[in-house]
Amino acid sequence: MKRWRLFIVLSLVFLLSFAFPLSADASASVGKVTGVTVDSTPFSAYLSFNKVKNASGYKVYLSKDNKSNFKCVQTLKGSASTYAGITDLEHSSFYYVKVRAYKNVYGKRVYGAYSPTKMFITNFSSPTYGGVYVSYPTSKDFASLSIENSNMSYL
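Here the sequence shown is numbered in our numbering, starting from 3 and rising by one per residue.
As structure tokens, then:
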């Protein structure tokens, strides 16, 4: 009699395991990262982005080509980490960055969609010459000049 009870209980557990699997499924989806902003220096970049609800962490991908060759350069653990720094970059180079969130579900990672790709240029280290500062572009469009010293003498 005790064997029959054990057999029935084990059979029910076995059947219920198919009805309610313990795996990552569509209900454990993760949102898309938005609001990516990048500030660059001559050899590094600092990016921030909006927090994704229910995310366990984020992965930051970097490439010198907009189409492919993205490599994960940083994994941010914890949903509160929405700021990352990337170092050891080449100065005056174009880079592309994108971010995606992930969620740990039953020991497996479920990834959200990639953020839109953001392009940036590592800045030149340009000193100020005679009150004129040259700021280099953060896009391919243009560079700008600004006058730092208003006490300039005119001849």
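Just so you know, even glycine gets a beta-carbon here, dropped at the ideal spot from N, CA and C. If you're wondering where the values come from, they're calculated on a predicted model, not measured in any experiment.
Beta-carbon separation (whole angstroms), residue i vs residue j, contact threshold 8 Å
| i | j | result |
| --- | --- | --- |
| G80 | G59 | 6 Å |
| A57 | T124 | That pair is no contact at about 28 Å. |
| V112 | K105 | 5 Å |
| V40 | A103 | That belief does not hold up - the Cβ atoms of V40 and A103 are roughly 18 Å apart, past 8 Å. |
Option in the options with minimal Cα separation from residue i
| i | options | result |
| --- | --- | --- |
| Y98 | T39, S46, L64, Y113 | L64 |
| P44 | E92, F122, S50 | E92 |
| K34 | A86, K120, V101, S83 | V101 |
| I115 | N68, K61, F96, L78 | One detail in the question is off: residue 115 reads as Ala in this sequence, not Ile. Residue K61 is the option with its Cα nearest to A115. |
| A86 | S31, K53, I10 | K53 |
| S50 | L78, F72, D67, N71 | L78 |
| S94 | S42, I10, S13, Y113 | S42 |
| F122 | K66, R7, S13, V32 | K66 |
| V75 | K69, N68, D90 | D90 |
| F72 | G109, V107, S117, K110 | S117 |
| F96 | G109, V107, N68, K110 | N68 |
Buried versus exposed call for residue i [16 or more other C-beta atoms within 10 Å across all chains shown]
| i | result |
| --- | --- |
| I88 | buried |
| R5 | exposed |
| V55 | Checking the displayed sequence, the identity of residue 55 turns out to be Lys instead of Val. By the neighbour-count rule (16 or more Cβ atoms within 10 Å), K55 is not buried but exposed. |
| A82 | exposed |
| A28 | Because A28 sits at a pLDDT of 48, beneath the cut-off of 50, its placement in the model cannot be relied upon, and the following sentence gives the value as read from the coordinates. Looking at its Cβ environment, which holds fewer than 16 other Cβ atoms inside 10 Å, A28 is exposed. |
| G109 | exposed |
| T130 | Residue placement at T130 is flagged as unreliable, the pLDDT there being 49, under the threshold of 50; the coordinate-derived value follows with that caveat. Counting Cβ neighbours within 10 Å, T130 comes out exposed, since fewer than 16 surround it. |
Beta bridge counterpart(s) of residue i as assigned by DSSP
| i | result |
| --- | --- |
| V38 | DSSP output for V38 lists no bridge partner at all. |
| K120 | V99 |
Original post:
Hey, which unbroken runs of the beta strand (DSSP E) at 3 residues or more fall wholly within the region 38 to 117?
Top reply: The region 38 to 117 is shown to contain whole beta strand (DSSP E) runs of 3 or more residues at 39 to 42, 47 to 50, 59 to 65, 73 to 79, 85 to 88, 96 to 107, 110 to 113, in chain order.
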